[in-house]
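Student: One structure coming up, written as structure tokens, with questions to follow.
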Ligand code: FE
Ligand code: CA
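Residue numbers (the numbering used here): 59 to 599.
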């Protein structure tokens, strides 16, 4: 695990930690904000109420003591909330007056941050508040687990440090586990390459009344400095400082910050949070230190997301889990990147190599796959939603063109999951994915490569927020038009998908913008499709 250097300031830091510990009495620090806080291994992102103590829920009077005066506003990366439960939500910020500089412009010392949660935007009715520790070990990030909240309720939150107050954000809890909610509205989004464009789609998403956003991966891109629309300005990150600076650049975008302020988010990651098309412990480009690099990237991911997780402590980082919306829907938030076997056929998109259809590599890993099947088998949720990074549908054009990074490249593992869905007679299964920078909606058959097999699910492929279209998008669009299962396809537009879920139907609205070349752009819903309860797949046109 890569850690920032600390030799220059042990005495000062130890003194401050002791003073903080005495003042705040053991349990008052936020999860991950301090090496002294035991946040446990929560793993799942929200399927249990017996979460380990992630701290942060104190209402003790903050005793900040003598903190250095900050040079300027430390809330340049905004605020966020995520991983909601019926009684709690995670609040996030990171103190970074100058986020593109080493250390974010912060003194290498812990800071105490005050947080407040209110029922109103004016913070006239503060229901809980406390302090949290922003530690340089984790880039002065703050993760607060606010507990004892009411289910199915909206709140406002903000942070204060020194003379600075953050923006206020809206967040909410999920319905009680035994609740029978009538509706859920959320958006799926992914792939927001800075160099390819602006996150203009979020300007439209902000106008929707969403309960949460599920982000499907490629929150940031590790690629080189320059790009067609904007420049990263720095070379490809290889260590913790590089990844922090990259997140600093991405999270500085006002369009993205404003959407985080609107509602809680839940997260998957994909490849670019580490390296393009890496597979488990295997890098794309030969790198004997890849696991060290990956651990640095995973730590930076933790530092910049409102995760209900302890910070990573080794090479691996279990982020998969579930999100329940009463009995209306359960989301399995999958990790198809960290535990996968290597891509087949040297990961060369095309007609592939011999017997690629028989490759039985895993995409989920044995443990996650068993966990998913157990969860699906015992689930009482009306809608069963598999959210994953990469496209599930068979789109290999009869083997003429196979993308070995998506489920097409792991055909035996895919068919095993389909066979399970069939054997268990699972109903109301929705698969949500991203990665390809195209928008698409289609039916999933019981036999992946048999267009005439019975429909067992629907897949919704979310186009990118800003990442550029695939090469030869127009030609691919023409090919896809010949695929019987695909009901909607757009190979060229940026945007997101908004989902309106009821006890009768799932409404899919594909929102696209004209261009991501500018911070704002006209946009509209280009396609609306439905899945009816009890009827697998999309409603016939
Ligand atoms: Fe992407
Ligand atoms: Ca990807």
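Don't be surprised by glycine CBs; every beta carbon is placed ideally from N, CA and C. Remember, it's a predicted structure, so these values are computed and weren't measured experimentally.
#1: Using the beta-carbon count (16 or more within 10 Å), is residue 580 buried or exposed?
#2: Which residues have their C-beta within less than 5 Å of a heavy atom of ligand 2, listed in chain order?
#3: So residue 382 packs on residue 232, CB below 8 Å; how close in whole Å?
#4: Within the present structure, is the beta-carbon of residue 524 separated from the nearest heavy atom of ligand 1 by less than 6 Å?
#5: Nearer than 6 Å: is that true of the beta carbon of residue 411 relative to any heavy atom of ligand 1?
#6: Does the Cβ of residue 160 have 16 or more other Cβ atoms within 10 Å, making it buried, or fewer, making it exposed?
#7: Starting from the C-beta of residue 435, find all residues in its chain whose C-beta is less than 8 Å away, skip the five residues before and the five after it, and write them out in chain order.
#8: Just confirm the distance between the C-beta atoms of residue 229 and residue 322, as a whole number of angstroms; I'd bet it's less than 8 Å.
#9: So residue 421 and residue 561 are supposed to be a Cβ contact under 8 Å. How far apart are they, rounded?
#10: Taking only three categories from DSSP, how would you classify residue 495?
#11: I need the straight-line Cα distance from residue 225 to residue 424, nearest angstrom please.
#12: Considering Cα atoms alone, identify which of 522, 269, 408 is closest to residue 466.
#13: Taking only heavy atoms of ligand 1 into account, decide whether any of them is closer than 6 Å to the Cβ of residue 249.
#14: Excluding the five sequence neighbours on either side, which residues of its own chain have a C-beta within less than 6 Å of the C-beta of residue 234, listed in chain order?
#15: Return the bridge partner residues of residue 340 from the DSSP annotation.
#16: Could you have a look at residue 586 and say whether DSSP puts it in helix, strand or coil?
#17: Can you tell me where the beta strand (DSSP E) with residue 227 in it begins and where it stops?
#18: Any contact between the stretch 263-278 and the stretch 180-187? By contact I mean 3 or more CB pairs, one from each, below 8 Å.
#19: Just checking my contact of residue 566 with residue 587 at CB under 8 Å: how many whole Å lie between their CB atoms?
#20: Rounded to the nearest angstrom, what separates residue 102 and residue 376 at their Cα positions?
#21: Below 8 Å, can you find three or more Cβ-Cβ pairs linking the stretch 278-291 to the stretch 240-255?
#22: Would the beta-carbon of residue 198 fall within 7 Å of that of residue 148?
#23: What is the DSSP secondary structure of residue 151, counted as helix, strand or coil?
Tutor: Answer, in terms of the structure:
#1: exposed
#2: 276, 328, 329, 493
#3: Right, the Cβ-Cβ distance comes to about 6 Å (below 8 Å), so this counts as a contact.
#4: no
#5: no
#6: Counting Cβ neighbours within 10 Å, residue 160 comes out exposed, since fewer than 16 surround it.
#7: 482
#8: Between residue 229 and residue 322 a beta carbon distance of about 5 Å is seen, short of the 8 Å cut, so the two are scored as contacting.
#9: Going by Cβ atoms, the distance from residue 421 to residue 561 rounds to 32 Å, so no, they are not a contact pair.
#10: Of the three classes helix, strand and coil, the one that applies to residue 495 here is coil, per DSSP.
#11: About 43 Å.
#12: 408
#13: yes
#14: 144, 209
#15: In the DSSP output, where bridge partners are listed per residue, residue 340 has 337.
#16: strand
#17: Annotation: the continuous beta strand (DSSP E) that includes residue 227 extends over 227-230.
#18: no
#19: 5 Å
#20: With a pLDDT of only 39 at residue 102, under 50, the local geometry of the prediction cannot be trusted, and the value read off the model is given with reservation. Residue 102 and residue 376 have their C-alpha atoms some 8 Å from each other.
#21: yes
#22: Contact flag unset, no.
#23: strand
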